[in-house]
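K.L.:
If you read the sequence shown in this note's numbering, its first letter stands for residue 71, the second for the next number, and so on. So that we are looking at the same thing, I have put the structure below in structure tokens.
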Amino acid sequence: MIQTRILTGNAVGEVLDDLARLRIAVFRDWPYLYDGDVAYERDYLTAYQSPAAVVIAAYDGARMVGAATGAPMEDHAKDFAAAFAARPEPLEQIFYCAESVLLSDYRGHGLGHAFFDGREAQGRALGRRYSAFCSVIRPADHPLRPADYRPLDGFWRKRGYAPLPGVIAGFDWKDIGAPAQTRKHLQFWMKPL
Numbered sequence: 071m072i073q074t075r076i077l078t079g080n081a082v083g084e085v086l087d088d089l090a091r092l093r094i095a096v097f098r099d100w101p102y103l104y105d106g107d108v109a110y111e112r113d114y115l116t117a118y119q120s121p122a123a124v125v126i127a128a129y130d131g132a133r134m135v136g137a138a139t140g141a142p143m144e145d146h147a148k149d150f151a152a153a154f155a156a157r158p159e160p161l162e163q164i165f166y167c168a169e170s171v172l173l174s175d176y177r178g179h180g181l182g183h184a185f186f187d188g189r190e191a192q193g194r195a196l197g198r199r200y201s202a203f204c205s206v207i208r209p210a211d212h213p214l215r216p217a218d219y220r221p222l223d224g225f226w227r228k229r230g231y232a233p234l235p236g237v238i239a240g241f242d243w244k245d246i247g248a249p250a251q252t253r254k255h256l257q258f259w260m261k262p263l
């Protein structure tokens, strides 16, 4: 039986290695195609030990099989301020639903809803008016796109999210099989809380 746990502060610090390994495993798949390493991931994830941040972790027994991270948007201002510069919503009113990772064998059992429910609840508890996340933009004809890939747009729309026209961030990471990092673009989606 899968159980979810809401982790904040020091509790996040206790699972950083598990969370880092899980992210690397899941993000190797489409659409991220991420060739990451545990040291970088662990360092990146320390930001989620902030008292306002949250990790919703899914466990099958003692094994972490999925997780979703979230934090106040201003904690990511250096990355996202430019993308939101033309928007009327101040970053301080937005809760950022960062990454969701779930091993493929555990998909389709409602954990995606549990991940969003937990992060949106944290946003409301902080008095945020909006919840936002971003999705990787990859071309439909990308050679590594699986033939059976089904985008999550329908799931996100059912939860009330909509893409924000022109609100796109750029990040660099190394794709699997690539010699170096390249720029990727991410589309922001948002909804009122």
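Glycine included, each C-beta is placed from N, C-alpha and C at the ideal position. Predicted model, so just to flag it, every value in this text is computed and none were measured.
Where DSSP assigns a beta bridge to MET71, which residues make up the other side?
P.N.:
In the sequence shown, counting from the first residue as 1, residue 71 sits at position 1. Per DSSP, none; premise fails for MET71.
K.L.:
Rounded to whole angstroms, what's the CA-CA distance from ASP245 to GLN73? Just pull it up for me.
P.N.:
For the purposes of this step, residue 245 is taken as the residue at position 175 of the sequence shown. For the purposes of this step, residue 73 is taken as the residue at position 3 of the sequence shown. About 32 angstroms.
K.L.:
If we count Cβ pairs, one from each stretch, closer than 8 angstroms, do we get three or more for the stretch 148-167 versus the stretch 94-107?
P.N.:
no
K.L.:
At which residues does the alpha helix (DSSP H) containing VAL85 begin and terminate?
P.N.:
In the sequence shown, residue 85 corresponds to position 15, counting from 1. First-last for VAL85: undefined, no H or E at that position.
K.L.:
From this set, LEU89, VAL96 and ASP99, which residue's C-alpha is nearest TYR114's C-alpha?
P.N.:
Translated into the one-based positions of the sequence shown, residue 114 becomes position 44. Checked all of LEU89, VAL96 and ASP99; the closest Cα to TYR114 is LEU89.
K.L.:
List the endpoints of the continuous alpha helix (DSSP H) containing ALA195.
P.N.:
Taking the first residue of the sequence shown as position 1, residue 195 is located at position 125. That run of the alpha helix (DSSP H) goes 181-195.
K.L.:
Which stretch, first to last residue, makes up the alpha helix (DSSP H) that contains LEU115?
P.N.:
Within the sequence shown, numbered from 1, the residue matching residue 115 stands at position 45. Counting along the chain, the alpha helix (DSSP H) containing LEU115 begins and ends at 108-115.
K.L.:
Considering only the alpha carbon of each residue, which of VAL85, ALA95, LEU77 and LEU263 lies closest to GLY193?
P.N.:
In the sequence shown, residue 193 corresponds to position 123, counting from 1. Answer by Cα proximity: LEU263.
K.L.:
Could you tell me the boundaries of the beta strand (DSSP E) in which ASP211 lies?
P.N.:
Stepping through the sequence shown from its first residue, residue 211 is reached at position 141. That residue, ASP211, is in no beta strand (DSSP E); it is neither H nor E in DSSP.
K.L.:
Measuring straight from C-alpha to C-alpha, what distance separates PHE258 and ALA95?
P.N.:
Counting from one through the sequence shown, the residue named residue 258 turns up at place 188. Counting from one through the sequence shown, the residue named residue 95 turns up at place 25. Cα-Cα distance, rounded: 24 angstroms.
K.L.:
Measuring alpha carbon to alpha carbon, tell me which of LYS261, LEU256, ASP175 and SER201 ends up nearest THR139.
P.N.:
In the sequence shown, residue 139 corresponds to position 69, counting from 1. Comparing alpha-carbon positions, the option among LYS261, LEU256, ASP175 and SER201 lying closest to THR139 turns out to be SER201.
K.L.:
Under DSSP, the alpha helix (DSSP H) around GLY224 begins and ends at which residues?
P.N.:
Numbered from its first residue, the sequence shown carries residue 224 at position 154. Residues 223-228.
K.L.:
In terms of residue numbering, what span does the beta strand (DSSP E) encompassing ALA232 cover?
P.N.:
Counted from its first residue, the sequence shown places residue 232 at position 162. Residues 232-244.
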